[in-house]
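Remarks on the structure that follows.
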């Protein structure tokens, strides 16, 4: 074999070796990326599953608590339900039912007070009206917003002159609390939002007005 042919053979061998090494490195990178992706999927899947399990456990706990009598709930039976014009004097603060406006307050979160006569109409449709003292700390208001915010039958507003920092009301029912963190609040909402006490079950808590 000539010297030139030998050199060509050597170069071909070097190129082949380089290509083989390049392919080997590519396979290693592919395997490494695949392994990282698999690990990430497993980790994220585990985190998601853990979050879902915790949420399911929390919902189960709330539902279980709501199925039992809730300590401290006061009942006000035999309330009038007439539509009237003008202001109404209610014996309870906030009101838990009685004569009310033909207009309702849309169930939502409000940062200013709502009209009693409108909110009582919302109660008739199954709303749970959570009221709080205007000087309640912001972190406590945030907790209330988290409990009420996404519930289609949840109504939240400040209420001047409350005897307790937080009061939850449904038609004919009321619960006073000293803190937004009271575990009875979530049970009250779960049990009475469009609950069995509702005079007009299934009626929408929308189509009315916002804050006054």
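Residue numbers (this note's numbering): 80 to 291.
We put the CB at the ideal spot given by N, CA and C, even for glycine.
Every value quoted in this text rests on a predicted model; they were computed, and no experiment measured them.
In this structure, residue 259 places its C-beta atom within 9 Å of the C-beta atom of residue 211.
For the pair residue 265 and residue 248, the Cα-to-Cα distance works out to about 13 Å.
Around the beta carbon of residue 110, fewer than 16 other beta carbons lie within 10 angstroms, which makes this residue exposed.
Going by beta carbons, residue 205 and residue 250 fall inside the 9 Å limit. Here residue 158 has 175, 176, 177, 250 and 251 as same chain residues with Cβ atoms under 8 Å from its own Cβ, once five neighbours each way along the sequence are excluded.
Taking the C-beta atoms as reference points, residue 239 is found no nearer than 9 Å to residue 216. A distance of 9 Å or more separates the beta carbons of residue 221 and residue 208. In this chain, the beta strand (DSSP E) harbouring residue 253 covers 252-256. The alpha-carbon separation between residue 184 and residue 288 amounts to approximately 5 Å.
Residues of the same chain with a CB within less than 8 Å of the CB of residue 227, apart from the 5 flanking positions on each side, are 188, 207, 209, 233, 234, 235 and 268 in chain order.
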